[in-house]
Amino acid sequence: MSCPRFFSKTATEVVAHFVDSTEEFINLCSKGHLKEAVNRFKSEIWSDPTLFSHLIQSCTLKKSLSCSKQLHSLIVTSGCSSNNFICNHLLNMYSKIGQLQTAVTLFGLMPRRNIMSCNIMINANEQSGDLESARKLFEGMTKRNIATWNAMVAGLVQFEFNEEGLRLLSEMHQVGFLPDEFTLGSVLRGCAGLRGLDAGRQIHCYVVKGGFELDLVAGSSLAHMYMKSGSLVEGEKVIRLMPVCNVIAWITLIAGKAQNGLAEDVLDQYNLMRMVGFRPDKITFVSVISSCSELATLGQGQQIHAEVVKAGASLDVGVISSLISMYSRCECLDDSVKAFLECEYSDVVLWSSMIAAYGFHGKGEEAINLFEQMEQKEFEANDVTFVSLLYACSHCGLKEKGMEFFDLMVKKYGLKPRLEHYTCVVDLLGRCGYLDEAAALIRNMPVKANAIIWKTLLSACKIHKSTDMAGRIAEEILGHNPQDAAPYVLLSNIHASAKRWQGDSELREAMRERNVKKEPAKSLRLLLLNTPAGVPIRVMKNLRVCSDCHVAIKYISEIKNREIIVRDASRFHHFRNGKCSCGDYW
DNA sequence: ATAGGGTTAG
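Add 833 to a position in the first sequence, counting from 1, and you land on the number used in the numbering used here.
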């Protein structure tokens, strides 16, 4: 049997030729050779206008406005500009190359818009930051598909209207749409933003029900939600159950551990990740450097800095902000400054990091100077910036400046002071000897006091040898936690330094009566005996060593010539022969 | 179409 013949070719040959040439045309488009594609396949395009879609997609990737305009004119000349399919592609192109206005005009001219057209415009408006227009479009739609709901949920979450995103999920469910992996990814991100563990667990049920547990995106989002909401165990479980992990799943786990304070585990996990063969990227570096910063492990920090440079990630503001903090906490302020100055693009967080670094090193003037420069450059300071700035002022005894900034924060920036801000101000007033004002502030502030803020005041009493007030304050702290040894110890030291031995022995009696015990520092002593001089020690968790500094000291920074350097949140303690540089024995 | 990050008081 022979095939019918078209001219000199069989039908099969014609089809084969057609498939071949379409393939070649698509190939040219995907490589960006638009002119060649148009010239060689003019007749094919004219007979099948849907082929224009490939040209449009190529133009979208090129992000070239002139290319897009030429192509658009060509489409108009070909007479298929009323084709919905082509029009939707054009809408998408204009929105992706940042020509929202053109897309809006085109959308307005379309005679028969379909759901797809509206979906594209919802996404386009969201991407250009206009959530309201997206919402209006969404609300005006009589028919929606799953992508419509997904676009709106994603937009709401993107602009941190997380609760509303969750509400929309239940609304879509009510009208009969089951969430897919895209919806779930978005709402889980919303739950993470809300630290909403309960809502997140409910979404987890949807994930299981839809069979998306093993989906990389849904799985990572789920794990991220758990870890951001403080449930590291559940998050880790989700990741471990995933049969295939990619870089993002790894980093989700690493970042989760970093955020939950497991800095040591972060470094282990990071090394493991590299052994398995994943390449770290800038987001990995940020998490890892922050952990080095928390541990004050300079050597590891420097090594990772080198890797950052090698990976070409050294220009990222996020990476640089974490480097500034790491070097500052490792006593290398010069390197912090260097990193700060080398940064080409800057933002609030970068400036805040540098202000914090100066404050950490007791350089109040420099911190203030930087803040003023920041204001001149019209960067909007945030609440964290002010914590660092106030901290810098209090550590340098700059009372007037500090109070001025506190005022500025409330009045000019409209920020509501948090407990951290009040603690800085109490420290500021207390250090400068305004003990009564500091106490009054704690009693009158609109947020609930915690033991830390009272302890801050107690330290100030110690500096100014005010035993009477210290006694009253110690009672208040013990009201928060009667078993806390720190106020007794502080009070005892205050009595001792004021040479009131009577008060001191009464206090020790009270401690015995209430069965309060001060933790001995056995572990540190053992470490010192068993570790050869000059060997760096990485981390010791929950180590209490210095009772005089009244802060739980957590990390050993290094051991040099049998001298141990320990870091707490605000300063370095040098221990030699069992004696701390701040004067206390352990 | 969708996922992961940086600065913060004692």
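Positions of the beta carbon are idealized from the N, C-alpha and C atoms, including for glycine. The structure displayed is predicted, hence computed values, not measured ones.
According to DSSP, is residue i part of a helix, a strand, or is it coil?
i: residue 996; result: helix
i: residue 1411; result: In this prediction, residue 1411 scores a pLDDT of 46, lower than 50, which makes its location untrustworthy; no coordinate-derived value is stated.
i: residue 866; result: coil
i: residue 1075; result: coil
i: residue 932; result: coil
i: residue 1034; result: helix
i: residue 1299; result: coil
i: residue 1370; result: Bear in mind that a pLDDT of 40 at residue 1370, under 50, signals an unreliable position, so the model cannot answer this.
i: residue 943; result: coil
i: residue 1196; result: coil
i: residue 855; result: helix
i: residue 1363; result: With a pLDDT of only 38 at residue 1363, under 50, the local geometry of the prediction cannot be trusted, and the value read off the model is given with reservation. Helix at residue 1363.
i: residue 1106; result: helix
i: residue 1098; result: helix
i: residue 1115; result: helix
i: residue 1146; result: coil
i: residue 1022; result: helix
i: residue 1066; result: helix
i: residue 1164; result: coil
i: residue 1056; result: helix
i: residue 951; result: helix
So, residue i versus residue j, is the Cβ gap smaller than 8 Å?
i: residue 1012; j: residue 1001; result: no
i: residue 867; j: residue 900; result: yes
i: residue 1022; j: residue 1071; result: no
i: residue 1176; j: residue 1129; result: no
i: residue 1088; j: residue 1120; result: yes
i: residue 1228; j: residue 1263; result: no
i: residue 934; j: residue 898; result: no
i: residue 1223; j: residue 1257; result: yes
i: residue 888; j: residue 877; result: no
i: residue 955; j: residue 981; result: yes
i: residue 1259; j: residue 1250; result: no
i: residue 1285; j: residue 1275; result: no
i: residue 1271; j: residue 1293; result: yes
i: residue 1180; j: residue 1212; result: yes
i: residue 1082; j: residue 1054; result: no
Can you check which of these residues, the options, is closest to residue i by C-alpha distance?
i: residue 891; options: 1163, 972 and 865; result: 865
i: residue 1215; options: 1196, 1067 and 1238; result: 1238
i: residue 1158; options: 1267, 908, 928 and 1123; result: 1123
i: residue 1051; options: 1015, 1060, 1172 and 1100; result: 1015
i: residue 977; options: 946, 1114 and 1200; result: 946
i: residue 1168; options: 1198, 1100, 997 and 1155; result: 1155
i: residue 1199; options: 1178, 1221, 1180 and 1181; result: 1221
i: residue 1112; options: 1133, 1079, 1092 and 1134; result: 1079
i: residue 1281; options: 1255, 1300, 1305 and 1266; result: 1255
i: residue 961; options: 1148, 936 and 948; result: 936
i: residue 1196; options: 1025, 1212, 950 and 1170; result: 1170
i: residue 1234; options: 1209, 1201 and 1266; result: 1201
i: residue 1107; options: 1096, 1137, 903 and 1187; result: 1137
i: residue 1266; options: 1253, 1020, 1289 and 1283; result: 1289
i: residue 910; options: 1005, 879 and 939; result: 879
i: residue 939; options: 902, 1126 and 920; result: 920
If I measure Cβ to Cβ from residue i and keep anything under 6 Å in the same chain, skipping five residues before and after, which residues do I get?
i: residue 1360; result: Model confidence at residue 1360 stands at a pLDDT of 40, short of 50, so the residue's coordinates are unreliable and nothing is read from them.
i: residue 1027; result: 995
i: residue 1059; result: 1067 and 1068
i: residue 1218; result: 1185
i: residue 966; result: 958
i: residue 1269; result: none
i: residue 1207; result: 1184
The alpha helix (DSSP H) spanning residue i covers which residue range?
i: residue 1178; result: That residue, residue 1178, is in no alpha helix (DSSP H); it is neither H nor E in DSSP.
i: residue 1264; result: 1252-1264
i: residue 1080; result: 1080-1092
i: residue 1232; result: 1232-1244
i: residue 1129; result: Per DSSP, residue 1129 belongs to no alpha helix (DSSP H) and is neither H nor E.
i: residue 1213; result: Looking at the DSSP string, residue 1213 is not in any alpha helix (DSSP H), and its letter there is neither H nor E.
i: residue 968; result: 964-973
i: residue 1008; result: Run containing residue 1008: none; DSSP gives neither H nor E here.
i: residue 895; result: 885-895
i: residue 1267; result: Counting along the chain, residue 1267 falls outside any alpha helix (DSSP H), and DSSP gives it neither H nor E.
Between residue i and the rest of its own chain, which residues show a CB-CB distance below 8 Å, the 5 nearest in sequence each way excluded?
i: residue 1183; result: 1150, 1153, 1154, 1157, 1173 and 1176
i: residue 1165; result: 1131
i: residue 1116; result: 1084, 1088 and 1151
Keeping to the same chain, check which residues put their C-beta closer than 7 Å to that of residue i; ignore five residues upstream and five downstream.
i: residue 979; result: 1010 and 1013
i: residue 912; result: none
i: residue 917; result: 945 and 947
i: residue 905; result: 923
i: residue 999; result: 1020, 1023 and 1032
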